[in-house]
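This report concerns only the one structure given below.
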Amino acid sequence: MSRKNLVIAGRTFSSRLIIGTGKYRNYDEMRSAHDASGAEMVTVAVRRVPLDRSTESFLDHLNPALQILPNTAGCYTADDAVRTARLSREALQTDLVKLEVIGDQTTLFPDNEQTLEAARILVKEGFAVLPYFNDDLIMAKKLLDAGCAAIMPLAAPIGSGLGVQNPANLRIMREQLPDATIIVDAGVGTASDAAIAMELGADGVLMNTAIAEAEDPAKMATAMKLAIEAGRLAYLAGRMPKRLYASASSPLQGVIK
Amino acid sequence: MRVYVNGESREIQGTPSLAELIAELDLPAARIAVEVNREVVRRGEWVNTMLRDGDKIEIVHFVGGGFVPFCGSDNI
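Same order as they appear, the protein sequences are chains L and B.
Residues 544 to 800 in this note's numbering are what the first sequence spells out, letter by letter.
Residues 7 to 82 in this note's numbering are what the second sequence spells out, letter by letter.
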């Protein structure tokens, strides 16, 4: 694990923030937010081309310097996710894929079983797989054993903005998997949520809605950038232990009587 | 003959190649990817891939997301 940079499948990023490209009110707002975030990697989804009208390429609206991370968002089976990943590799000539296999429309929770099955197939085919999964240590180990390049546990349901719901699980994952690249994905709502994920030892955070649905996305993107830097520094600094009772900071001797 | 492009049935004349179909659909060839009967056909093979009656063709591109919830077995 690099202390300074985020390393994923041999690629080095100085920003530990990865952001989405959905839900923005317009392209200008998206670009401003991307610029402000300092993120070097963005996720995009794969969809059918509309045949009834000419369409411009969405990718033309992205800063060409950004690393594109295609995702399998919206897939409900391992088979669909594998096909989507193969199509994205063909179109973009990239082996990176953010693997999402959803199990339920209401919660958008991942189907861990299908995710693992798809991960095994894609790793064999040479993909650098970044799977979205429940914040579960055992699943994390299975995904790493399958050869995933990084793992992406959720903080809370996608788009919920609830923040890290189970900090203990993320902390345990960090402590038990010190060499894994852990990117907290989904559920961040505001800057403190991102900072908490980083303080718990995440190597990075992926978010979309928290920035896109903010009243001022560029301002929120800046806040997220700073929060992630602050959280990372706090993690590296090693926080003080929590105590139930007070511990005076000032000397107890010499108080006037 | 009849083929299915992104789930839509299409009657086409003759036996065109995949490259000809994509040209006829007036799609930008850059940054799209194509599957015929669930197998990716690499760009360099479009011209050599002759379509057959009943072929199911998927042509995809990239959109903004994060999560875009309306895709599943029926769609792709």
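C-beta atoms are modelled at their ideal positions from N, C-alpha and C, and glycine is treated no differently.
8 Å contact criterion, which residue i and residue j should meet: CB distance rounded
i	j	result
A737 (chain L)	M767 (chain L)	5 Å
K566 (chain L)	T765 (chain L)	With 8 Å as the limit, K566 (chain L) and T765 (chain L) do not qualify as a contact, their Cβ atoms being about 18 Å apart.
L659 (chain L)	A683 (chain L)	Not quite, the Cβ-Cβ distance comes to about 11 Å (not below 8 Å), so this is no contact.
A801 (chain L)	I561 (chain L)	This structure cannot speak to residue 801 (chain L), because chain L is shown only from 544 to 800.
M741 (chain L)	G774 (chain L)	3 Å
L24 (chain B)	V47 (chain B)	6 Å
S735 (chain L)	A770 (chain L)	7 Å
L612 (chain L)	L630 (chain L)	With 8 Å as the limit, L612 (chain L) and L630 (chain L) do not qualify as a contact, their Cβ atoms being about 15 Å apart.
Check whether residue i and residue j have beta carbons under 9 Å apart
i	j	result
I65 (chain B)	R591 (chain L)	yes
L602 (chain L)	V587 (chain L)	yes
D728 (chain L)	A698 (chain L)	yes
T733 (chain L)	G702 (chain L)	no
D578 (chain L)	A692 (chain L)	no
T689 (chain L)	R663 (chain L)	Before going on, a small fix: residue 689 (chain L) reads as Ala here, not Thr. Closer than 9 Å, so yes.
G617 (chain L)	E643 (chain L)	yes
G744 (chain L)	L776 (chain L)	no
V42 (chain B)	D61 (chain B)	yes
H604 (chain L)	M584 (chain L)	no
G747 (chain L)	R559 (chain L)	yes
E14 (chain B)	M7 (chain B)	no
A723 (chain L)	L687 (chain L)	yes
G646 (chain L)	Q636 (chain L)	no
S600 (chain L)	R37 (chain B)	yes
Neighbour-count burial assignment, residue i, 16 or more Cβ in a 10 Å radius
i	result
A681 (chain L)	First, the residue type needs correcting, since residue 681 (chain L) is Ile and not Ala in the sequence shown. Its Cβ having fewer than 16 others within 10 Å, I681 (chain L) is exposed.
I725 (chain L)	buried
T564 (chain L)	buried
R632 (chain L)	buried
M56 (chain B)	exposed
N569 (chain L)	exposed
T555 (chain L)	exposed
Y619 (chain L)	buried
Per-residue DSSP class, three states only, for residue i
i	result
T555 (chain L)	strand
T724 (chain L)	coil
P784 (chain L)	coil
Q610 (chain L)	strand
E756 (chain L)	coil
P34 (chain B)	coil
I562 (chain L)	strand
S23 (chain B)	strand
V666 (chain L)	helix
F652 (chain L)	coil
L549 (chain L)	strand
A39 (chain B)	strand
K800 (chain L)	coil
Y619 (chain L)	coil
A671 (chain L)	strand
T637 (chain L)	coil
D576 (chain L)	The sequence as given places Ala at residue 576 (chain L); Asp does not occur at that position. A576 (chain L): helix per DSSP, three-state reduction.
Residue i: CB within 8 Å of a non-hydrogen atom of the ligand COA
i	result
G704 (chain L)	The model on display carries no ligand, and the ligand COA is accordingly not part of it.
> Is there contact here, the stretch 29-49 of chain B with the stretch 545-554 of chain L, by at least three beta-carbon pairs under 8 Å?
Replying inline: no
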